[in-house]
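Note sheet for the following structure.
Residue numbers (the working numbering): 3 to 152.
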């Protein structure tokens, strides 16, 4: 088993362990305060690591899963999907309970415009939207996110 990468979000140490014999990846959420461990197993290790999809929202570990119906937030404590954002929105960045997504808006004349939206988890209601292309985001703390648009 090889630990390939790690990150800290809130009070969680999140790391990826790859087992070459079983050809699978384990995403481990270790709560530094309570010493609890939550695990997500990736049996399809082809392509990207699931570590990029690991996040913590309001001290709850989540795995972000994308499929044909949209983007799902799987709660690792409750072992269930808490909410699903439609496939219209491409979830790009998560900082605590702030979800940044993008979508393409079509005007009456058929012209397409790229839009960036902000949601407060778990609500799917858009609280702010701006025209532009998402370049990136930086979180200075769990309450402040700087979004860069083109």
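No residue lacks a Cβ here, since even glycine has one placed at the ideal position from N, Cα and C.
Select from the options the residue whose C-alpha is nearest the C-alpha of residue i.
i, options, result
"residue 12", "60, 119 and 30", "60"
"residue 149", "126, 119 and 129", "119"
"residue 79", "42, 67 and 71", "42"
"residue 146", "66, 122 and 81", "122"
"residue 152", "90, 137, 64 and 141", "137"
"residue 70", "89, 56, 81 and 82", "89"
"residue 24", "38, 44 and 97", "44"
"residue 128", "143, 68, 39 and 87", "87"
Measuring straight from C-alpha to C-alpha, what distance separates residue i and residue j?
i, j, result
"residue 153", "residue 54", "Since the first residue shown for the chain is 3 and the last is 152, residue 153 is missing from the structure and cannot be characterised."
"residue 132", "residue 21", "43 Å"
"residue 116", "residue 36", "42 Å"
"residue 6", "residue 52", "11 Å"
"residue 75", "residue 99", "12 Å"
"residue 124", "residue 111", "34 Å"
"residue 34", "residue 10", "10 Å"
"residue 141", "residue 63", "18 Å"
"residue 28", "residue 66", "15 Å"
"residue 30", "residue 38", "10 Å"
Could you tell me which residues DSSP puts in a beta bridge with residue i?
i, result
"residue 77", "64 and 82"
"residue 1", "As shown, the chain starts at 3 and ends at 152. That puts residue 1 outside it, with no answer to give."
"residue 56", "65"
"residue 9", "16"
"residue 33", "14"
Which residues in the same chain have their Cβ closer than 7 Å to the Cβ of residue i, if we skip the five residues on either side of it in sequence?
i, result
"residue 95", "102 and 139"
"residue 15", "8, 32 and 34"
"residue 77", "62, 64 and 84"
Please return the same chain residues whose Cβ sits closer than 8 Å to the Cβ of residue i, not counting the five positions on each side in sequence.
i, result
"residue 92", "73, 103, 104 and 105"
"residue 109", "115"
Near residue i, which residues of its chain fall below 6 Å by C-beta distance, leaving aside the five closest residues on each side in sequence?
i, result
"residue 107", "115 and 117"
"residue 58", "11, 12 and 14"
- [ ] Taking 8 Å as the threshold, find out whether the stretch 98-115 comes into contact with the stretch 133-145 through three or more Cβ pairs.
- [x] yes
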